[in-house]
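S.K.: The sequence shown begins at 0 in numbering that gives the first Met the number 0 and counts up one residue at a time. Pasting a structure below so you can have a look.
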Amino acid sequence: MLLPFFLIYPFIFLYSLWYKYVSSNWLEITIAKIYFAGHFPRLSNPRIGLLKILGYEYRDDACHVSIAELDITLWILPQSLRFTSGSLATVEIHDFRVRVFSSSKTPIWLQKLRRNLVFTVLNCHTIRLDDLLTEVVLNDESDETRISGYSNQWHIHNVYNQRMYAFGRLDAQLRRNWLDDHGSLAFIAKECRWIKLPTLQQSESRWQLSPF
């Protein structure tokens, strides 16, 4: 019986999890805390639980990934109750950081994420953009070029996959040294949201199945 389990044991805690694999390609994963709280679903709040992960870190020879907090809210019948467009989970990521040691070893998942974002920015519809600033600095003494960009409240609708990307603030800077033939890219994104929009068929189905 699932319901009595949530009523008697609504909280589950796990602390200081650690995993390390050593071979030609080593990796290390650490998690400071895992927390799960069950919830009795209601029509006004149809969630069945909250999974919280704190202090996640992943290291290998290609990159270092860290997440301060990861919140996963699980829903029951979210589309019929008008809470989400059909997704059974809502994910919130706080202080997500990635450091890639060499561009030639960029992880596959990061390449796909970068490709999707670049395609969306260049080919899809901008719904809102409050500020957009760019700056190019050419330094003759060090033969270094710096290209900086800043945006505020940039909302983009990708009509190909029905996703809405909302970037609260973006700061990016590309540095390139032409003598040493190397460069670096720093990218900071704050208050970002990714929303899966319902299709027309899903919207019509939601109204037909709505209990109200």
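We put the CB at the ideal spot given by N, CA and C, even for glycine.
Jot down the residue ranges of each uninterrupted beta strand (DSSP E) in the region 132-197, minimum 3 residues, whole runs only, in chain order.
M.R.: As far as the region 132-197 is concerned, its whole beta strand (DSSP E) runs of at least 3 residues are 143-157, 162-176, 181-195.
S.K.: Report the partner residues of Glu19 according to the DSSP bridge assignment.
M.R.: Mapped onto the sequence shown, residue 19 falls at position 20. Just to set this straight, residue 19 is Lys in the shown sequence, not Glu. DSSP output for Lys19 lists Glu27 as bridge partner(s).
S.K.: Which residue wins for smallest C-alpha separation from Ala88, given the options Tyr57, Asn151, Gly48?
M.R.: To locate residue 88, count along the sequence shown from 1; it is residue 89. Of the listed residues, the one whose Cα sits closest to Ala88 is Gly48.
S.K.: Please confirm whether Tyr149 and Thr119 have their CB atoms less than 8 Å apart.
M.R.: Within the sequence shown, residue 149 is the residue found at index 150, counting from 1. Within the sequence shown, residue 119 is the residue found at index 120, counting from 1. For Tyr149 and Thr119, no; Cβs fall outside 8 Å.
S.K.: Work out the CA separation of Phe166 and Gln152 for me, nearest whole Å.
M.R.: Within the sequence shown, residue 152 is the residue found at index 153, counting from 1. Within the sequence shown, residue 166 is the residue found at index 167, counting from 1. Going by the C-alpha atoms only, they are around 6 Å apart.
S.K.: Going by DSSP, which residues form a beta bridge with Arg58?
M.R.: Taking the sequence shown and counting its residues from 1, the one referred to as residue 58 is at position 59. According to DSSP, Arg58 bridges with Glu27, His63.
S.K.: Which class does Thr105 belong to by DSSP, given the choice of helix, strand or coil?
M.R.: Taking the sequence shown and counting its residues from 1, one reaches residue 105 at position 106. DSSP places Thr105 in coil when its eight states are reduced to three.
S.K.: Based on the DSSP secondary-structure assignment, which residues constitute the bridge partners of Thr89?
M.R.: Within the sequence shown, residue 89 is the residue found at index 90, counting from 1. According to DSSP, which records beta bridges pairwise, Thr89 is partnered with Thr72.
S.K.: CB-CB under 8 Å to Cys191, same chain, minus the five flanking residues each way: which ones, in chain order?
M.R.: Start at 1 with the first residue of the sequence shown, and residue 191 comes out as number 192. Within the same chain, Cys191 has close Cβ partners Tyr164, Ala165, Phe166, Gly167.
S.K.: On the CB-based measure, 16 or more other CB atoms within 10 Å of its CB, does Thr133 come out buried or exposed?
M.R.: Within the sequence shown, residue 133 is the residue found at index 134, counting from 1. With fewer than 16 other Cβ atoms within 10 Å, it is exposed.
S.K.: According to DSSP, is Phe12 part of a helix, a strand, or is it coil?
M.R.: If you number the sequence shown from 1, residue 12 lands on position 13. Residue state, collapsed to three classes: strand.
S.K.: Drop a sphere of 10 angstroms on the beta-carbon of Asn157, count the other beta-carbons inside from all chains shown, and report buried for 16 or more, exposed for fewer.
M.R.: Translated into positions along the sequence shown, residue 157 becomes position 158. It counts as buried.
S.K.: Using the C-alpha atoms, what's the distance from Asn24 back to Leu213?
M.R.: The first residue shown for the chain is 0 and the last is 211, placing residue 213 beyond what the model contains.
S.K.: May I ask you to list the residues that DSSP assigns as paired with Lys51?
M.R.: Taking the sequence shown and counting its residues from 1, one reaches residue 51 at position 52. Partner(s): Tyr34, Asp70.
S.K.: Using DSSP's beta-bridge definition, name the partner residues of Val97.
M.R.: Against the sequence shown, residue 97 aligns to sequence position 98. Beta-bridge pairing links Val97 to Val64.
S.K.: Is it true that the CB of Ile66 sits closer than 8 Å to the CB of Phe35?
M.R.: As a first step, residue 35 is located in the sequence shown; it is residue number 36 there, counting from the start. As a first step, residue 66 is located in the sequence shown; it is residue number 67 there, counting from the start. Contact flag unset, no.
S.K.: If the criterion is Cβ atoms closer than 8 Å, does the pair Gln172 and Ala185 meet it?
M.R.: For the purposes of this step, residue 172 is taken as residue 173 along the sequence shown, with counting starting at 1. For the purposes of this step, residue 185 is taken as residue 186 along the sequence shown, with counting starting at 1. Closer than 8 Å, so yes.
S.K.: Determine, using beta carbons only, whether Val97 and Leu109 come nearer to each other than 8 Å.
M.R.: As a first step, residue 97 is located in the sequence shown; it is residue number 98 there, counting from the start. As a first step, residue 109 is located in the sequence shown; it is residue number 110 there, counting from the start. Yes, Cβ-Cβ distance for Val97 and Leu109 is below 8 Å.
S.K.: Distance check for Asn160 and Ser86, CA to CA, integer angstroms please.
M.R.: Taking the sequence shown and counting its residues from 1, the one referred to as residue 86 is at position 87. Taking the sequence shown and counting its residues from 1, the one referred to as residue 160 is at position 161. Their backbone Cα atoms lie some 14 Å apart in a straight line.
S.K.: Going by C-alpha distance, which of Ser43, Leu169, Lys19, Cys123 is nearest Glu56?
M.R.: Counting from 1 along the sequence shown, the entry for residue 56 is found at position 57. Out of Ser43, Leu169, Lys19, Cys123, Lys19 has the C-alpha closest to the C-alpha of Glu56.
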